[in-house]
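Everything on this sheet refers to the single structure shown next.
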Amino acid sequence: MSGKETPRIQQGLVTSFLNKDKLKLKMRVWIFFLFCLAGKTLAAPTEEEPVVEEELEVGTNPVQVETGEFDEAIEVVEDVIAENPCLNHHCKKGKVCEVDDSNQPMCVCQDPLTCPAPVGDFEHVCGTDNKTYESSCHFFATKCALEGTKKGHKLHLDYIGPCKYIAPCLDNELNEFPLRMRDWLKNVLVTLYERDEDNNLLTEKQKLRVKKIYENEKRLEAGDHSLDLLALDFEKNYNMYIFPVHWQFGQLDQHPVDGFLSHTELAPLRAPLIPMEHCTTGFFEQCDADQDNYIALEEWANCFGIKEQDIDNDLVI
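Encoded structure:
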C-alpha cells in the first residue's frame, strides 16, 4: 500500500463513521417524536369517547355534513305548502283560491267587498251593462257571481274609465270606422318610429318594418282626410297597412297571449279612438264572425280588409 492511498482510506473510514452517526441521530429523533405522540395520547382524558369521523359518500359536500338545520327548514316549507295548497294554485280574474274539506285547492268567486279600495277615479271601469265599477277587481268579482246566467254571459269590460254617455253609432259611421282606424294605426307606428331613438318604443324587428313605411314617398301624411281619399290610399298603398293591422293585434293580445282578443283586451283601445269610440263596440262585435266572444287574428285582419294570403302570425311581433 502506497503512502498516497493511506490518507484516502482514512478519509473513507471517517466519512463512513460520520454517516453512521448521522443515521443514529435521525433514529433517536424519530424515537423521541414517537414517544411524544404516545405520551400525548396517554395524557388524553379516558372518559371521553374518541371521535369517529364518518366516511362521506362520493360527491358529498364536506361543508354541509351537519344538515340538521337545513332538513328542518325544508320540513317547515313543506308543512306550509301542505297547510296552504293555494300558494301554488292560480285562479282567473274574479276568483280566489280556497281549500275544500279534503284540503284540496279550488277557485271560488271573490266577494267584491274584499277588493282593494280604488286609489282614484282612474281605476274605475265601465261594463257593457253601462255601469261604472270601482275597479277591474270589483267588475270581475261581480261577473263571476253572474257566471252561468244570461246576464253574466253578456257582461264584459267595455272600456277603462267611468261610464259616460256614448251616442249610437250610425251605419255610415260604422262603415268608415275601419278606414279611419287603419290610417290611425299606420300613423301611430310612424310617430313611434320618429320618437324612438333610445326609448325602446319599438323592437328592432318592428323598426325595420316601420322604416319601409316611413321612407315610402307615397305615404299619406296624417290629417283629417275624406273617406274617399282614405279608401283610394288603401287601394294604392295596400302593403303599407298589412303590418300596422298585425302589430295592433299583437299589442292587444297580452292577457293572456293566446292568439285571441277578448273584450277585456279590446277595452284599452277605446280611449285613443275619440271621436270614433262610440263605434268600437259595434265594430268589434261585427269582427267576431263566429260570435264566440273572441276575435282571432284571421277575423281581426278580415275586419280591416287584409287579404287572406297576407295574414301572417310572424308579423304579430
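Residue numbers (mature numbering (1 follows the signal peptide of the UniProt record, and there is no 0)): -43 to -1, 1 to 274. The beta carbon of each residue, even a glycine, is placed where N, CA and C say it ideally should be.
Limits of the unbroken alpha helix (DSSP H) element including residue i
| i | result |
| --- | --- |
| Val167 | Glu161 to Tyr171 |
| Asp267 | Taken as a continuous stretch (DSSP letters only), Asp267 belongs to no alpha helix (DSSP H), as it is neither H nor E. |
| Phe240 | Thr237 to Cys244 |
| Val76 | It is not in any alpha helix (DSSP H) - Val76 carries neither H nor E in the DSSP assignment. |
| Arg139 | Asp128 to Arg152 |
| His110 | Lys107 to Lys111 |
DSSP bridge partner residues for residue i (one or two, in chain order)
| i | result |
| --- | --- |
| Thr89 | Cys83 |
| Ala253 | Phe217 |
| Glu55 | Met63 |
Where the beta strand (DSSP E) through residue i begins and ends
| i | result |
| --- | --- |
| Tyr116 | Leu114 to Ile117 |
Sub-8 angstroms separation of residue i and residue j beta-carbons
| i | j | result |
| --- | --- | --- |
| Tyr150 | Lys175 | no |
| Leu254 | Leu226 | no |
| Ile274 | Lys162 | yes |
| Thr238 | Asp115 | yes |
| Leu158 | His203 | no |
| Ile252 | Phe217 | yes |
| Pro73 | Cys54 | no |
| Ala124 | His220 | no |
| Trp257 | Phe191 | no |
| Cys120 | Lys164 | no |
| Leu75 | Pro62 | Checking the displayed sequence, the identity of residue 75 turns out to be Pro instead of Leu. Contact flag unset, no. |
Please specify which runs of the alpha helix (DSSP H), each continuous and at least 4 residues long, are wholly inside the region 180 to 218, giving them in chain order. 184 to 193 and 196 to 209
At a cut of 8 angstroms, does the region 247 to 264 reach the region 131 to 151 through at least three beta carbon pairs? yes
Is the region 59 to 73 in contact with the region 98 to 106, if contact means three or more CB pairs nearer than 8 angstroms? yes
Can you find at least 3 beta carbon pairs, one from the region 145 to 154 and one from the region 123 to 136, that sit closer than 8 angstroms? no
Three or more C-beta pairs below 8 angstroms linking the region 43 to 55 and the region 79 to 87: no
Contact between the region 248 to 258 and the region 178 to 185 (3+ Cβ pairs under 8 angstroms): no
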